[in-house]
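Here's the structure we're looking at; comments come further down.
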Amino acid sequence: DQQVKQNSPSLSVQEGRISILNCDYTNSMFDYFLWYKKYPAEGPTFLISISSIKDKNEDGRFTVFLNKSAKHLSLHIVPSQPGDSAVYFCAASGDYNNDMRFGAGTRLTVKP
Amino acid sequence: EAGVAQSPRYKIIEKRQSVAFWCNPISGHATLYWYQQILGQGPKLLIQFQNNGVVDDSQLPKDRFSAERLKGVDSTLKIQPAKLEDSAVYLCASSPGLAGGRSGELFFGEGSRLTVL
């Protein structure tokens, strides 16, 4: 059961432009939403998160937006840099970090 | 602070053979997770430990997979006998626990890549 979906397997943007990665979920019981970044041959690393009581969280170049009514969240990276090229996973959890569900990932390529 | 350690990094076995993966979480982290990531998919939770007790193993194929976390620190994940569809990266993660940590963040190891021929 795919409770967290990332429908775009890949995204390519030019350096300096905005990258927008999207994620949809089906379980209204999710309380926390997270984005992880993964480089080849490494484990995923935490990037940014948002609680269901908020609709926006910003950390430097990274902003996550949550639309609960649409069960949709997005990650904005501005400006995009070549070092941002990686696979980004959206994840959701219903109880702090219990049974965290992941999307299939979106491969972001930032071209110089 | 040392990260989550996993070994081996790579393993190639024939189907029906057995394999074991080891994980050492970040010191002091009470919760340990094993995830399976098949190529092109997101990580899927296999089992979650809180200290040395199992919190969730509902997605663990118990006829062939087993895991233990002795003394609430290191953990091993075993597959016996392996099938072709078990080819995946096995990720171990840890977190401070339900009462700590930041926004539910998990700390992942580099993973153990299994190829079953």
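These protein sequence lines are chains C and V, in that order.
Counting from 1, one number per residue, gives the positions in the first sequence under our numbering.
Counting from 1001, one number per residue, gives the positions in the second sequence under our numbering.
Ideal Cβ placement from N, Cα and C applies to all residues, glycine included.
- Assignment of V/Lys1015 by DSSP, reduced to helix, strand and coil, places it in the coil class.
- Exclusion of the five residues before and after V/Ala1020 leaves Thr1076, Lys1078 as the residues of its chain whose Cβ lies within less than 6 Å of its Cβ.
- For C/Thr63, the enclosing beta strand (DSSP E) covers residues 62–67.
- Residues of chain V whose Cβ lies closer than 7 Å to the Cβ of C/Ser12 do not exist; the shortest such Cβ separation is about 18 Å.
- Under the DSSP assignment, C/Asp24 falls in the beta strand (DSSP E) whose first and last residues are 19–25.
- Interface with chain V (8 Å Cβ-Cβ cutoff): C/Pro44 is included.
- In the DSSP assignment, V/Gln1036 falls within the beta strand (DSSP E) that extends over 1031–1037.
- Look at C/Lys111 here: in three-state DSSP terms it is strand.
- In terms of beta-carbon proximity, V/Gln1036 stays away from the interface with chain C, with every pair separated by 8 Å or more.
- Annotation: V/Leu1039 to V/Ala1088 spans about 7 Å, alpha carbon to alpha carbon.
- Contacts between V/Glu1105 and chain C, judged by CB atoms closer than 8 Å, involve Leu34, Phe46, Ser49, Asn97 in chain order.
- Excluding sequence positions up to five before and after V/Leu1114, its CB lies within less than 7 Å of the CB of Lys1011, Val1019, Asp1086, Ser1087, Ala1088, Tyr1090, all in the same chain and listed in chain order.
- Residue range 45–51 is occupied by the beta strand (DSSP E) that includes C/Ile50.
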